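Beneath this line is the structure, given in structure tokens, with notes to follow.
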Amino acid sequence: MSATDPILELPYGVTPDPDEFLRAAIRWHFSEETGAPFWLERADRLEFDPLADVRTFDDLKLFPNLANELRDVRAEDLIPRGYGPRPKVVGVFDSGGTTGAPKRVVMLQEWLDLLLAHSNAQLDAHGVPRDVNWLMAIPSGPHMVGASFQQLVAERGGLSFTVDVDPRWVKKIIARGEQTEADLYTEHLIDQLQHPLRSQDIGVLMLTPPVLERLCRRDELVDLVRKKVRAIMWVGTQLDPDTRNLYRTELFPDAVLCSGFGNTMTLGHVSERPGLTDDEPCVYDPFSPYMTYNVIDLKERRPVEYGERGRVVMHYVGKSLFLPNNLERDFATRIRPLPGQVGDAVADIAPVPEFDDEKVIEGVY
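One point on numbering: in my numbering, the residue at position 18 of the sequence shown is 1382, and numbering is uninterrupted.
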């Protein structure tokens, strides 16, 4: 067998057999020649043999949740040796830092190309136009969403106009009980959004529900969105069904309205399932077998029934990174997956009150 199993490098649109793909990834990540130092150094501490015992995606539960170790690990140690001395790195990205020091991952261009192909297909399915400019109020800097969406917009033929969002600062303000200051920060974001909305050709608006709600308090900006914007994508926090219906039917009836769900620990994002009615919750299907979700009863460590709520466990399995069995800070409703998908689809995502002994604050993202 060559150093890289071809199943790990399939182009978008060719879906690998999940279990064969998983076993190839395990061989890659736990080989001395190709694996990342992070996993090679931890292999002897595992209470099982990954090469012999991990045969299916259900076996990923054998792994301990090592996500917290990403707070301090040397970033270079996350890159598999098989990429050689000069891998094509997009960036080193942090988690939100909601529950203490941020966790850190490295994204390689090889994976981002695959992720953006999937994102493009999803946006096309929703009717989000190509060859238009985007105005985005999203985190940049150490956060993955800014870098990935700017490249996505370029691939779709548009220019990116951006307003930086610092979610950590807003969460600190709210934690101190300074809601007025948090409101002023949101107004500061709206002040910055208004300039490109007035002067530029904006076809897609991407922002969070709290920022969209605040924008809708300014009649001039609502009129500008109605006149120019053909699609609104909301991300970060969730939007209740009544408000979503209000935006779709009364405020912005001529624009496509769709949502995205992303997570640093799965190195990516997905859009909501196309074709949902206003009465249905936003359902998010994983980009499997690379990104997969499970919704579990945390006490019993078993899946909840479809339609029931539980804690979200995420897995990322790919050539560039392996991060299994990561318990997230979210509750979700377990939804039956689409045919051929691995794991669960999820809906009604909401943060737990506390995670790792830290109070969870959503803020504006």
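Cβ atoms here follow ideal geometry from the backbone N, Cα and C, with glycine treated the same way.
Predicted, not measured: the structure shown is a model, and the values here were computed from it.
*With a 10 Å radius around its C-beta and 16 neighbouring C-beta atoms as the bar for buried, classify Ala1485 as buried or exposed.*
Counting Cβ neighbours within 10 Å, Ala1485 comes out exposed, since fewer than 16 surround it.
- Message: Between the alpha carbons of Ala1619 and Thr1613, how many angstroms are there, rounded?
- Response: Near 10 Å, if we compare the C-alpha coordinates of Thr1613 and Ala1619.
Open item on the list: If you follow the alpha helix (DSSP H) that Ala1431 is in, where does it begin and where does it stop?
Closed with: The continuous stretches of alpha helix (DSSP H) do not include Ala1431, and DSSP gives it neither H nor E.
Please report the distance separating the alpha-carbon of Ala1465 from that of Arg1435. Roughly 6 Å between the two C-alpha positions.
Determine the contact status of Phe1513 and Gln1564, defining contact as a CB-CB distance below 8 Å.
Phe1513 is not a Cβ neighbour of Gln1564, given a cutoff of 8 Å.
Rounded to the nearest angstrom, what separates Pro1605 and Glu1672 at their Cα positions? Rounded to whole angstroms, the separation of the alpha carbons of Glu1672 and Pro1605 is 18 Å.
Hey, would you say Asn1658 sits closer than 8 Å to Pro1645, going by beta carbons?
-> Going by C-beta atoms, Asn1658 is not nearer than 8 Å to Pro1645.
**Q.** Boundaries of the beta strand (DSSP E) in which Gly1464 is found, first to last residue
**A.** Where Gly1464 is concerned, there is no enclosing beta strand (DSSP E), because DSSP gives it neither an H nor an E.
ask   = Of all the options Lys1591, Gly1626, Glu1584, which has the alpha carbon lying nearest to the alpha carbon of Trp1598?
value = Measuring from the Cα of Trp1598, the nearest candidate turns out to be Gly1626.
Assumed close pair Leu1588, Arg1562 - CB separation to whole angstroms, cut-off 8 Å | By a beta-carbon distance limit of 8 Å, Leu1588 contacts Arg1562. Their separation comes to about 7 Å.
Exercise. What are the residues that DSSP puts in a beta bridge with Tyr1648?
Worked result: Per DSSP, Glu1636, Val1710.
- prompt: By how many angstroms is the C-alpha of Arg1450 removed from the C-alpha of Asn1609?
  reply: Taken atom to atom, the span from the alpha-carbon of Asn1609 to that of Arg1450 is near 49 Å.
| query | Using the beta-carbon count (16 or more within 10 Å), is Asp1708 buried or exposed? | reply | Buried: at least 16 other Cβ atoms inside 10 Å.
Checklist entry - What span of residues does the beta strand (DSSP E) with Gly1510 cover, start to end? => result DSSP places Gly1510 outside any beta strand (DSSP E); the residue lies instead in the alpha helix (DSSP H), whose first and last residues are 1508-1519.
Could you give the first and the last residue of the continuous beta strand (DSSP E) run that contains Ser1623?
The continuous beta strand (DSSP E) containing Ser1623 extends over residues 1620-1627.
Could you check the C-alpha separation between Trp1475 and Met1655 for me, to the nearest Å? So the alpha carbons of these two residues sit roughly 11 Å apart.
### Task
Use the C-beta contact count for Glu1692: other C-beta atoms within 10 angstroms, 16 or more gives buried, fewer gives exposed.
Buried is the call here.
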